[in-house]
Amino acid sequence: MLNIHNLSVSFGGTYLFEEVTFRLGSGDRVGLVGKNGAGKSTMLKMLAGDIKPDSGTIATEKDIKLGFLRQDIDFEKGRTVLDEAYQAFEEIKRVEFQLDEINHQLATRTDYESQSYSELIEKLSDLTHHFEIIGGYNYIGETEKILQGLGFKREEFNNQTDTFSGGWRMRIELAKLLLQNNDVLLLDEPTNHLDIESIIWLEGFLKNFNGVVVIVSHDKMFLDNVTNRTIEISLGKAYDFNKPYSQYLVLREEIREKQLATQKNQAKKIEETQKLIDRFRYSATKSSMAQSLIKKLDKVERIEVDEDDNSVMNISFPVSITPGRVVIEAENVTKAYGDKVILEDISLLVERGSKIAFVGQNGQGKSTLIKAIVNEFQYKGNIKLGHNVQLGYFAQNQAEYLDGEKTLLDTMTDAATDTNRSKVRDMLGAFLFRGDDVEKKVKVLSGGERNRLALCKLLLQPINVLLMDEPTNHLDIKSKNVLKAALQKYEGTLLLVSHDRDFLQGMANVVYEFKDKKIKEYLGDINFFLEQRNAQNMREFEQKVDKSVVVAQEKKPVKNLSFEEQKAQKALQNKLSKIESQIQQLEKDIQNDDKELASNYDKHIENASFFSAYEKKKKDLDNLLEEWEQIQLELE
Numbered sequence: 192m193l194n195i196h197n198l199s200v201s202f203g204g205t206y207l208f209e210e211v212t213f214r215l216g217s218g219d220r221v222g223l224v225g226k227n228g229a230g231k232s233t234m235l236k237m238l239a240g241d242i243k244p245d246s247g248t249i250a251t252e253k254d255i256k257l258g259f260l261r262q263d264i265d266f267e268k269g270r271t272v273l274d275e276a277y278q279a280f281e282e283i284k285r286v287e288f289q290l291d292e293i294n295h296q297l298a299t300r301t302d303y304e305s306q307s308y309s310e311l312i313e314k315l316s317d318l319t320h321h322f323e324i325i326g327g328y329n330y331i332g333e334t335e336k337i338l339q340g341l342g343f344k345r346e347e348f349n350n351q352t353d354t355f356s357g358g359w360r361m362r363i364e365l366a367k368l369l370l371q372n373n374d375v376l377l378l379d380e381p382t383n384h385l386d387i388e389s390i391i392w393l394e395g396f397l398k399n400f401n402g403v404v405v406i407v408s409h410d411k412m413f414l415d416n417v418t419n420r421t422i423e424i425s426l427g428k429a430y431d432f433n434k435p436y437s438q439y440l441v442l443r444e445e446i447r448e449k450q451l452a453t454q455k456n457q458a459k460k461i462e463e464t465q466k467l468i469d470r471f472r473y474s475a476t477k478s479s480m481a482q483s484l485i486k487k488l489d490k491v492e493r494i495e496v497d498e499d500d501n502s503v504m505n506i507s508f509p510v511s512i513t514p515g516r517v518v519i520e521a522e523n524v525t526k527a528y529g530d531k532v533i534l535e536d537i538s539l540l541v542e543r544g545s546k547i548a549f550v551g552q553n554g555q556g557k558s559t560l561i562k563a564i565v566n567e568f569q570y571k572g573n574i575k576l577g578h579n580v581q582l583g584y585f586a587q588n589q590a591e592y593l594d595g596e597k598t599l600l601d602t603m604t605d606a607a608t609d610t611n612r613s614k615v616r617d618m619l620g621a622f623l624f625r626g627d628d629v630e631k632k633v634k635v636l637s638g639g640e641r642n643r644l645a646l647c648k649l650l651l652q653p654i655n656v657l658l659m660d661e662p663t664n665h666l667d668i669k670s671k672n673v674l675k676a677a678l679q680k681y682e683g684t685l686l687l688v689s690h691d692r693d694f695l696q697g698m699a700n701v702v703y704e705f706k707d708k709k710i711k712e713y714l715g716d717i718n719f720f721l722e723q724r725n726a727q728n729m730r731e732f733e734q735k736v737d738k739s740v741v742v743a744q745e746k747k748p749v750k751n752l753s754f755e756e757q758k759a760q761k762a763l764q765n766k767l768s769k770i771e772s773q774i775q776q777l778e779k780d781i782q783n784d785d786k787e788l789a790s791n792y793d794k795h796i797e798n799a800s801f802f803s804a805y806e807k808k809k810k811d812l813d814n815l816l817e818e819w820e821q822i823q824l825e826l827e
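One point on numbering: in the working numbering, the residue at position 103 of the sequence shown is 294, and numbering is uninterrupted.
Shown next, in the form of structure tokens:
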């Protein structure tokens with residue numbers, strides 16, 4: 192489907208990657224991996240045609256449909272969740288509009304025997320057939336199924352998109368992409384805003400997708416469960432193997448070890464040959480032999496070992512002082528935003544040294560409880576911190592907690608104390624910000640770089656209780672592994688919000704599930720929780736599809752009829768089509784009246800005109816149905 196040949200791109204005279212070549216075919220589910228800043232998102236943008244390479248070509252098959260999940264999205268205000276999701280069906284919505292226009296004309300015209308009326312009937316028949324072929328009767332059910340799979344509740348379908356957070360709007364964009372029947376899906380960090388249940392659902396969807404999928408993700412388990420091929424961009428080169436991520440790492444290490452062994456043997460042979468050359472170079476009888484050896488040595492192709500970028504953060508979380516036995520005690524905590532209650536009568540006791548994971552669907556209150564503990568807003572109930580507790584808080588939305596106009600050095604210096612201000616540059620270096628990097632403004636940093644800076648800043652303050660809300664978002668896999676190792680060694684108390692199953696494994700000994708304004712305790716690790724919740728079947732999706740099917744009447748061949756008889760029959764068929772349109776409209780009107788009565792019965796109970804019009808519609812419908820039956824008999 193896609194052929195990438197000798198692709199190169201550079202920034203500021205330095206190659207991000209150079210002469211990269213690979214091919215993507217149907218069934219390839221590729222994990223595009225590499226460190227933050229290696230060029231993964233740039234590669235996706237080039238495949239999507241958003242930016243052009245410095246050199247090289249990207250060739251695609253004709254009529255390929257390509258969908259790209261970008262990180263920056265912009266919705267049109269005023270649309271509901273369903274309205275926005277329906278934007279995936281451009282052709283269906285266009286044909287649906289045309290059908291409505293034709294049905295409206297048929298309902299208002301009376302020139303049944305005219306040529307234009309007949310042409311309109313034929314166009315209706317053709318469009319109805321086309322509408323069925325392109326999935327016009329299935330798209331509503333498919334849309335609802337996808338939205339529910341991504342965590343939306345049915346009662347939220349008609350909410351305005353601008354009432355949702357950025358993470359939920361990203362889900363709507365992902366839903367549109369999955370509904371478009373694309374041949375190629377380019378997904379940039381698709382799991383960043385998804386909870387565990389939605390990630391599991393997305394895994395199932397992508398594994399059954401028949402086209403090409405290219406995924407930039409730092410979720411190791413997600414990559415292992417979905418991909419069948421890995422392309423790693425490292426130090427300007429691309430390493431491509433038909434293996435999921437974990438298997439690829441093992442295979443690449445084996446190849447590198449063989450390269451090292453072969454290089455060592457070659458170096459030994461070259462050294463021996465060089466000794467012979469040096470020995471015979473100035474000998475009168477052996478000089479010709481020395482020249483032959485020199486020519487032979489010049490032709491030897493030196494074996495190169497794949498370079499590996501092993502630069503990683505150096506991080507540890509020392510405990511400041513020992514707190515009391517109980518570090519956090521929450522009693523009857525309730526938090527609401529307007530009329531929407533997020534948490535209701537939550538009570539929680541956290542003891543010193545606990546390692547606790549908060550899990551559950553987005554919007555269930557995990558981050559809300561963390562923010563309540565750090566006293567970020569007002570709430571009902573009581574949260575009391577224990578003796579000598581010193582909180583360290585890593586927020587999910589780092590952009591709101593870091594000043595974009597400050598440099599990295601200023602950010603750290605301003606947050607430092609007298610005792611550690613002199614160590615700021617060394618700390619930044621430990622988090623891979625070296626040299627001139629420290630003079631960059633925060634606003635130019637990538638998501639992964641901001642997370643690294645926030646972690647670095649966190650260490651400036653004394654800590655014995657860590658509250659971490661999605662700390663792995665945007666971090667590359669190596670950085671995540673370093674952070675995980677540091678947290679596992681941490682001897683203080685940890686409260687961790689995360690959707691990353693691989694990161695959570697071995698991190699917590701207690702799991703709290705947030706659901707329906709409450710929390711439920713699981714005394715075990717994340718694997719125990721998933722077993723208890725039967726995670727592979729966490730959600731059963733309603734697949735009821737409300738189909739309003741319009742069946743076009745088949746035209747029976749007219750044989751052995753006079754011209755006048757044919758003309759009369761044609762007029763009957765045109766009249767029949769008009770009656771069918773009127774029946775559909777009346778059924779729709781009556782259905783709307785029924786809904787109005789159900790929701791506002793008290794309002795209409797004394798409204799005689801409403802009930803009079805309502806009964807007239809039902810009577811008109813009965814009359815039209817009788818007329819329709821009579822015409823059908825005449826035609827037969």
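Even glycine gets a Cβ: it sits at the ideal position worked out from N, Cα and C.
Three-state secondary structure (DSSP) of residue i
i: Glu787; result: helix
i: Asn718; result: helix
i: His196; result: strand
i: Ala548; result: strand
i: Phe508; result: coil
i: Ile249; result: strand
i: Gln734; result: In this prediction, Gln734 scores a pLDDT of 26, lower than 50, which makes its location untrustworthy; no coordinate-derived value is stated.
i: Tyr308; result: helix
i: Met698; result: coil
i: Ser201; result: strand
i: Ala743; result: Residue placement at Ala743 is poorly supported in this model, since its pLDDT is 34, which falls under 50; the coordinates still yield a value, given next. The answer is coil: DSSP assigns Ala743 none of H, G, I, E or B.
i: Gly230; result: coil
i: Leu815; result: helix
i: Gly340; result: helix
i: Gln371; result: coil
i: Lys750; result: In this prediction, Lys750 has a pLDDT of 46, which is less than 50 and means its spatial position is unreliable; what the coordinates show is noted afterwards. Here Lys750 sits in coil by DSSP.
i: Phe355; result: coil
i: Tyr703; result: strand
i: Glu380; result: coil
i: Leu322; result: For clarity, residue 322 is Phe in the given sequence; the question names Leu instead. Helix, per DSSP.
i: Phe801; result: helix
i: Glu535; result: strand
Bounding residues of the alpha helix (DSSP H) (the contiguous stretch that carries residue i)
i: Asn329; result: It is not in any alpha helix (DSSP H) - Asn329 carries neither H nor E in the DSSP assignment.
i: Lys256; result: It is not in any alpha helix (DSSP H) - Lys256 carries neither H nor E in the DSSP assignment.
i: Arg470; result: Tyr436 to Phe471
i: Gly395; result: Ile387 to Lys398
i: Thr299; result: Glu281 to Thr299
i: Val417; result: Lys411 to Val417
i: Val272; result: Val272 to Ala276
Anticipated Cβ contact below 8 angstroms, residue i with residue j, distance rounded
i: Asp667; j: His409; result: 5 angstroms
i: Asn642; j: Asn664; result: 7 angstroms
i: Pro514; j: Gly577; result: 5 angstroms
i: Ile547; j: Ala677; result: Actually they do not touch by this definition, with Cβ atoms about 17 angstroms apart.
Nearest residue (CA-CA) to residue i, options the options
i: Thr212; options: Met192, Tyr206, Thr205 and Gly247; result: Gly247
i: Glu640; options: Ala621, Asn655, Leu651 and Val656; result: Ala621
i: Gly551; options: Arg285, Leu539, Thr233 and Asp707; result: Asp707
i: Gly595; options: Asp601, Val633 and Tyr570; result: Val633
i: Ile468; options: Tyr206, Ala481 and Lys460; result: Ala481
i: Asp245; options: Val417, Tyr206 and Val403; result: Tyr206
i: Asp374; options: Glu282, Gly342, Gly258 and Phe396; result: Gly258
i: Leu442; options: Thr453, Ala452 and Tyr430; result: Tyr430
i: Asp780; options: Ser803, Lys808 and Asn765; result: Lys808
i: Gly529; options: Lys669, Phe549 and Thr354; result: Thr354
i: Leu560; options: Glu542, Glu520, Asn579 and Tyr592; result: Glu520
i: Leu400; options: Ser217, Ile774, Lys486 and Thr352; result: Going by the sequence as given, residue 400 is Phe instead of Leu. Cα-wise, what sits closest to Phe400 is Ser217.
i: Gln587; options: Gln581, Ala606, Lys562 and Gly225; result: Lys562
i: Lys711; options: Thr301, Ile312 and Ile537; result: Ile537
Host beta strand (DSSP E) of residue i (start-end)
i: Ala429; result: Lys428 to Phe432
i: Tyr528; result: Val517 to Tyr528
i: Thr832; result: The shown model of the chain, from 192 to 827, leaves out residue 832, and the question about it has no answer.
i: Lys855; result: Residue 855 is absent from the model: the chain starts at 192 and stops at 827.
i: Ile406; result: Val403 to Val407
Residue i CB to nearest heavy atom of the ligand NAP below 6 angstroms
i: Asn523; result: Questions concerning the ligand NAP fall outside what the structure shown contains, since it holds no ligand whatsoever.
**Report entry** Length-filtered (4 minimum) alpha helix (DSSP H) runs lying within the stretch 537 to 619
**Finding:** 557 to 564 and 599 to 606
Report task. Identify every run of the alpha helix (DSSP H) within the stretch 620 to 680, keeping only runs that are complete inside it and at least 4 residues long; order them along the chain. Result -> 638 to 649 and 668 to 680
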